[in-house]
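A.B. asks: Numbering (the numbering used here), first residue to last: 119 to 560.
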């Protein structure tokens with residue numbers, strides 16, 4: 119018998135009900151009835167789901183995915199291999215990049231940089247397909263389009279990669295422009311996203327409703343409303359303002375406090391849908407704008423992009439001078455012109471978790487949108503693609519599954535093909551980090 123098995127059984131028995139709820143329902147929710155009522159009012163049933171299903175061969179869909187391998191070497195460098203691929207039935211375009219990164223930055227920042235490089239390779243293979251004549255129904259990217267905008271263009275601490283995020287946004291904007299010009303639908307698809315934009319939107323409706331019921335001065339109601347929107351930007355300052363109002367009104371602000379504390383809690387949108395929705399359907403699409411922090415950054419880019427280049431890329435500015443400033447300024451200006459994004463969730467089987475989808479909305483730039491707002495857009499084509507591509511609990515999209523199978527980089531392949539090839543090429547054994555040698559994954 120394993121050494122800890124009996125201890126494990128005793129521990130589970132002592133907290134069985136609590137742990138069961140945390141595993142299956144998530145974080146306790148004191149606003150459960152409010153969320154349920156609001157979410158159901160925004161949920162559009164797909165009672166005749168088959169009407170959106172067509173023969174997969176009738177849809178011309180390009181799926182884009184990538185994979186990455188990283189390893190900390192014994193010399194302190196981070197070796198990486200990135201593969202990116204765009205596929206219809208067969209491979210249409212592909213990219214591969216491999217290098218070693220040396221940086222004094224923390225590992226989390228290095229991983230973020232590598233993730234951004236991986237996403238940029240996805241943009242590049244999609245662009246290559248468009249330039250080669252792809253004019254089908256849609257390009258599907260694995261992951262959120264809106265989330266990819268969240269990278270902050272700032273100088274990297276890797277010498278050879280200091281301007282990598284500028285290249286990232288340059289290629290992303292080029293892809294968005296190419297899709298708009300060609301009329302090809304660009305779609306981001308993600309499963310079990312950690313996003314909270316829909317919860318935040320519903321919470322703002324609940325807050326407005328409850329605020330109307332509270333008997334306090336109108337000026338303080340306005341201040342509470344400001345605090346609600348500030349809480350995700352400057353949490354400590356906003357809570358300080360709220361606590362001063364609570365001292366004045368006491369229990370009258372008890373519900374308002376619950377709502378504000380819920381706003382900063384870690385409850386993803388998909389948890390709400392799993393808990394409160396029991397039928398196939400989709401949430402009413404929302405138009406997303408930048409966070410308050412990003413909105414301030416966009417204003418900086420608009421007002422004085424050259425000064426932003428000097429501020430956020432000091433070393434490159436010093437080394438490359440005015441030519442770099444002009445080039446980088448154009449990219450920062452283009453970021454201000456990014457379209458906003460429509461995003462929503464679709465549930466195709468009540469036993470499954472919802473799929474998040476988003477697409478560009480060219481009617482407004484991202485900087486013109488504030489808090490998430492409902493938007494009327496034609497999503498019939500998108501629904502047809504998602505319903506037709508859904509293969510049940512094991513594969514939420516057949517096109518992305520096909521791309522994933524072709525591009526996935528398994529550790530066994532690296533261990534038995536890539537590294538032996540490198541060692542043969544270099545004529546020398548590559549010593550990998552201690553953690554790699556200690557842990558063997560299947």
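By construction, the Cβ of each residue, glycine as well, lies at the ideal position given by its N, Cα and C atoms.
Keep in mind the model is a prediction, meaning the values are calculated, not measured.
Work out the CA separation of residue 279 and residue 339 for me, nearest whole Å.
C.D. replies: Here residue 339 refers to the residue found at position 221 of the chain shown. Here residue 279 refers to the residue found at position 161 of the chain shown. Each residue's Cα considered, the two are about 48 Å apart.
A.B. asks: Assuming contact is defined by CB atoms lying nearer than 8 Å, are residue 398 and residue 467 in contact in what I supplied?
C.D. replies: Against the chain shown, residue 398 aligns to sequence position 280. Against the chain shown, residue 467 aligns to sequence position 349. It is a contact, given that the beta carbons lie within the stated cut-off.
A.B. asks: Would you identify the three-state DSSP class for residue 168, choosing helix, strand or coil?
C.D. replies: Residue 168 sits at position 50 when you count from the first residue of the chain shown. Residue state, collapsed to three classes: helix.
A.B. asks: Using a Cβ-Cβ cutoff of less than 6 Å, which residues in the same chain neighbour residue 507 once the five nearest sequence positions on both sides are dropped?
C.D. replies: Walking along the chain shown from the start, residue 507 turns up at place 389. Closer than 6 Å at the Cβ level, and outside the excluded window around residue 507, lie 515, 516 and 517.
A.B. asks: If we count the other Cβ atoms within 10 Å of its Cβ and call it buried at 16 or more, is residue 385 buried or exposed?
C.D. replies: Position 267 of the chain shown, counted from the first residue, corresponds to residue 385. The residue is buried, with at least 16 neighbouring Cβ atoms inside 10 Å.
A.B. asks: Mind the definition here: the region 324-335 touches the region 285-294 only if three or more C-beta pairs lie below 8 Å; say whether that holds.
C.D. replies: With the cut-off at 8 Å, the region 324-335 and the region 285-294 do not touch.
A.B. asks: Ignore the nearest five residues each way along the sequence and tell me which others in residue 521's own chain have a CB closer than 7 Å to its CB.
C.D. replies: If you number the chain shown from 1, residue 521 lands on position 403. The answer, listed in chain order, is 181, 182, 183, 203 and 205.
A.B. asks: Leaving out five residues on either side along the sequence, give the residues of the same chain with a beta carbon under 6 Å from the beta carbon of residue 410.
C.D. replies: Sequence index remark: in the chain shown, residue 410 carries index 292 (1-based). Counting only Cβ-Cβ distances below 6 Å, and skipping sequence neighbours, we find 351.
A.B. asks: To which residues of the same chain is residue 174 closer than 6 Å at the C-beta, ignoring the five residues directly before and after it?
C.D. replies: Taking the first residue of the chain shown as position 1, residue 174 is located at position 56. If we look at residue 174 and ignore the five residues flanking it on each side, its Cβ neighbours are 506.
A.B. asks: For residue 419 and residue 450, which I take to be in contact (beta-carbon distance under 8 Å), what is that distance rounded to the nearest angstrom?
C.D. replies: Within the chain shown, the letter at position 301 stands for residue 419. Within the chain shown, the letter at position 332 stands for residue 450. Taking a contact as a CB-CB distance under 8 Å, the pair residue 419 and residue 450 counts as one, their CB atoms being some 4 Å apart.
A.B. asks: Taking one C-beta from the region 450-462 and one from the region 253-271 each time, how about it: are there three or more such pairs within less than 8 Å?
C.D. replies: A contact between stretches requires three or more CB pairs, one per stretch, nearer than 8 Å, and the region 450-462 meets this requirement with the region 253-271.
A.B. asks: Taking residue 218 and residue 195 to be in contact with their CB atoms under 8 Å, please state how far apart those CB atoms are, rounded to whole angstroms.
C.D. replies: For the purposes of this step, residue 218 is identified with residue 100 of the chain shown, where counting begins at 1. For the purposes of this step, residue 195 is identified with residue 77 of the chain shown, where counting begins at 1. So it is a contact: roughly 4 Å between Cβ atoms.
A.B. asks: Measuring CB to CB, does residue 345 end up less than 8 Å from residue 360?
C.D. replies: Position 227 of the chain shown, counted from the start, is the residue given in the question as residue 345. Position 242 of the chain shown, counted from the start, is the residue given in the question as residue 360. Yes, the pair counts as a contact, with Cβ atoms nearer than the cut-off.
A.B. asks: Use the C-beta contact count for residue 134: other C-beta atoms within 10 angstroms, 16 or more gives buried, fewer gives exposed.
C.D. replies: Against the chain shown, residue 134 aligns to sequence position 16. It is exposed - the Cβ of residue 134 has fewer than 16 other Cβ atoms within 10 Å.
A.B. asks: Give me the Cβ distance between residue 407 and residue 488, rounded to the nearest whole Å; I'm assuming they're in contact under 8 Å.
C.D. replies: Within the chain shown, the letter at position 289 stands for residue 407. Within the chain shown, the letter at position 370 stands for residue 488. Confirmed, Cβ separation roughly 5 Å.
A.B. asks: Of the residues 546, 540, 548 and 525, which one's Cα is nearest the Cα of residue 212?
C.D. replies: Position 94 of the chain shown, counted from the start, is the residue given in the question as residue 212. Minimum Cα distance to residue 212 is reached at 525.
A.B. asks: Given a cut-off of 8 Å on the beta-carbon distance, is the pair residue 164 and residue 255 in contact?
C.D. replies: Taking the first residue of the chain shown as position 1, residue 164 is located at position 46. Taking the first residue of the chain shown as position 1, residue 255 is located at position 137. Going by C-beta atoms, residue 164 is not nearer than 8 Å to residue 255.
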